[in-house]
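J.:
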Amino acid sequence: MKIRRETLDCMKPLRPYESFDTLKQFLEYDRKVLRFFCLWDDSATLFGDRRELILHYFLSDDTIEVKEVMPHNSGRDAMSLFLQRRKLPKYGPPGVCQPGQVTDRTVLNIYGGLKENRVDGYLLDKYKLGKLDQEFYKDSDLFIGATINVWGRKVLLCDCDEFTKTYYKTKYGIENFTSIPCKAPPLPKIERKFPPYTGFGSEEDSLRSCIGLVPTPHQRDFKKFMEKRQLWQHKQYTPVFCKTHHTQMCGCGQDVCYFILSQ
1 MKIRRETLDC MKPLRPYESF DTLKQFLEYD RKVLRFFCLW DDSATLFGDR
51 RELILHYFLS DDTIEVKEVM PHNSGRDAMS LFLQRRKLPK YGPPGVCQPG
101 QVTDRTVLNI YGGLKENRVD GYLLDKYKLG KLDQEFYKDS DLFIGATINV
151 WGRKVLLCDC DEFTKTYYKT KYGIENFTSI PCKAPPLPKI ERKFPPYTGF
201 GSEEDSLRSC IGLVPTPHQR DFKKFMEKRQ LWQHKQYTPV FCKTHHTQMC
251 GCGQDVCYFI LSQ
């Protein structure tokens, strides 16, 4: 009985016991995600440019995920994940924390190093004096026009999708969802100018050397060639020579000479 009593005592929770019930939030907001279209302007740094981002806020556990919209032929690695899904602190980066410093509960040692003829005892600190306080972004902190701190990078929220607008309109009564233009103006299109024809080879073959680094032969339209070839085979021509040319060339007494040429 004594051993059983000690086993049951070990199974009891330490006091004060705190309950964190997140099941209700998960069941209510599972698979519901807020979506914002963002902009990170890094053009002030060397070789920096404007980055288009998409922020996902998961209502089930208040975590944030950021993905990058990779433009075509950008020259960067195809890594669309900008920030892995996690809770985003408002004032990051806070620095490197020691192991066990970031925790929900602080365990106190009652006896310290005095363990002679005593059972080890521990107690939770209900005042949480040694807890590291961190503020994380919530759904109330996100709106169009807000600038958030993504680990030292200033990200501007420019627009959101229809589900996000309905959510903020229902919960917070927000009516103004005027979007902010985040796309950079298109670059002016440079007109390609070809050098004049040099006279070597055909003009089509010379243009092939101006299009790419490795010149390739001009690709002829074989279908058009076969169609025109059949058409020319059935055509007939009737040249007519006038009297002057007739008398000079053939010397006959007729005024006009008719010939039929077929190919």
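Counting from 1, one number per residue, gives the positions in the sequence shown under the UniProt record's numbering.
No residue lacks a Cβ here, since even glycine has one placed at the ideal position from N, Cα and C.
Since we're looking at a predicted model, the values are computed, not measured.
(1) Going along the chain, which unbroken runs of the alpha helix (DSSP H) with 4 or more residues stay wholly within the UniProt domain "DM10" (30–172)?
(2) Taking the alpha-carbon of D125 as reference, which of T103, K138 and F143 has the nearest alpha-carbon?
(3) For E204, report the span of its alpha helix (DSSP H) as first-last.
(4) Cα-Cα, which of D49, A44 and L8 is closest to P185?
(5) Considering only the beta carbon of each residue, do C182 and L39 sit closer than 8 Å?
(6) What is the residue span of the alpha helix (DSSP H) that K2 lies within?
(7) Relative to the alpha-carbon of Y91, which residue among D61, R51 and Y137 has its alpha-carbon at the smallest distance?
(8) CA-CA distance, M1 and L108?
(9) Within 10 angstroms of its Cβ, does F20 collect 16 or more other Cβ (buried), or is it exposed?
(10) If we ignore side chains and look at the alpha-carbon of each, how far apart do G145 and Y167 end up?
(11) Reducing DSSP to helix, strand and coil, say where E191 ends up.
(12) Using a Cβ-Cβ distance under 8 Å, would Q25 count as near chain B?
T.: With the given structure in hand:
(1) 162–171
(2) T103
(3) Taken as a continuous stretch (DSSP letters only), the alpha helix (DSSP H) holding E204 covers E203 to I211.
(4) D49
(5) With respect to the 8 Å criterion, C182 and L39 are classified as neighbours on the basis of their beta carbons.
(6) According to the DSSP assignment, K2 belongs to the alpha helix (DSSP H) that extends over K2 to M11.
(7) Minimum Cα distance to Y91 is reached at Y137.
(8) 29 Å
(9) Result: exposed.
(10) 17 Å
(11) coil
(12) This model lacks chain B altogether; it includes just one protein chain.
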